[in-house]
Amino acid sequence: MDYKTKGTCSTNIHFEVEDGKVKNVSFTGGCNGNLKGISALVEGMKVEDVIDKLEGTTCSFKPTSCPDQLAKALKNYLQGA
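Residue 27 in the UniProt record's numbering sits at position 27 of the sequence shown, with consecutive numbering throughout.
1) Can you list, in chain order, the residues of its chain whose CB lies under 8 Å from that of Gly44, leaving out five sequence neighbours each side?
2) Quick check on Cys66: does DSSP put it in helix, strand or coil?
3) Would Ala40 be called buried (16 or more neighbouring beta carbons within 10 Å of its own) or exposed?
4) Note down the Cα distance separating Glu18 from Phe61, rounded to an integer number of angstroms.
5) Apart from the five residues just before and just after Val50, which ones in its own chain have a Cβ nearer than 8 Å to its Cβ?
6) Go ahead and label Asp68 buried or exposed: buried means 16 or more other beta carbons lie within 10 angstroms of its beta carbon, across all protein chains shown.
7) Which word fits Leu54, buried or exposed, when buried means at least 16 other C-beta atoms lie within 10 angstroms of its C-beta?
8) Does the Cβ-Cβ distance between Cys59 and Phe27 come in under 8 Å?
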């Protein structure tokens with residue numbers, strides 16, 4: 001699935017879900033090292049657990065962040081699944 005982010009330096013998030021677990025997360029743009037780290041940390045986690053941990057995370061003065069946008073993307077996935 002691809003998700004167009006809003007309000008972040010990254011512009012897109014690609015991810016897959018297999019058996020209710022997050023797989024193959026990649027971000028377009030943003031802070032390369034940090035986003036690779038987030039992608040590695042959430043690999044294999046349950047979708048709901050990732051949402052619980054990342055939702056509401058902000059970046060500096062912005063009301064959202066790349067991790068928050070990942071949570072939104074996963075919520076969007078659950079609504080359509």
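Even glycine gets a Cβ: it sits at the ideal position worked out from N, Cα and C.
Quick look at the numbers:
1) Counting from 1 along the sequence shown, the entry for residue 44 is found at position 44. If you ignore the 5 residues before and after Gly44, its C-beta comes within less than 8 Å of the C-beta of Lys21, Val22, Lys23, all in its own chain and listed in chain order.
2) For the purposes of this step, residue 66 is identified with residue 66 of the sequence shown, where counting begins at 1. Residue state, collapsed to three classes: helix.
3) Numbered from its first residue, the sequence shown carries residue 40 at position 40. In this structure Ala40 is exposed. Its beta-carbon is surrounded by fewer than 16 other beta-carbon atoms within 10 angstroms.
4) Mapped onto the sequence shown, residue 18 falls at position 18. Mapped onto the sequence shown, residue 61 falls at position 61. Taking the straight line joining both Cα atoms gives about 34 Å.
5) The count along the sequence shown starts at 1 and reaches residue 50 at position 50. Only Val22, Val42, Leu70, Ala71, Leu74 meet the Cβ criterion.
6) In the sequence shown, residue 68 corresponds to position 68, counting from 1. Taking a 10 Å sphere around the C-beta of Asp68, we find 16 or more other C-beta atoms and assign the residue as buried.
7) Locating residue 54 in the sequence shown gives position 54, counting from the first residue. Burial call: buried.
8) As a working mapping, residue 59 is identified with position 59 in the sequence shown. As a working mapping, residue 27 is identified with position 27 in the sequence shown. Cβ atoms of Cys59 and Phe27: not closer than 8 Å.
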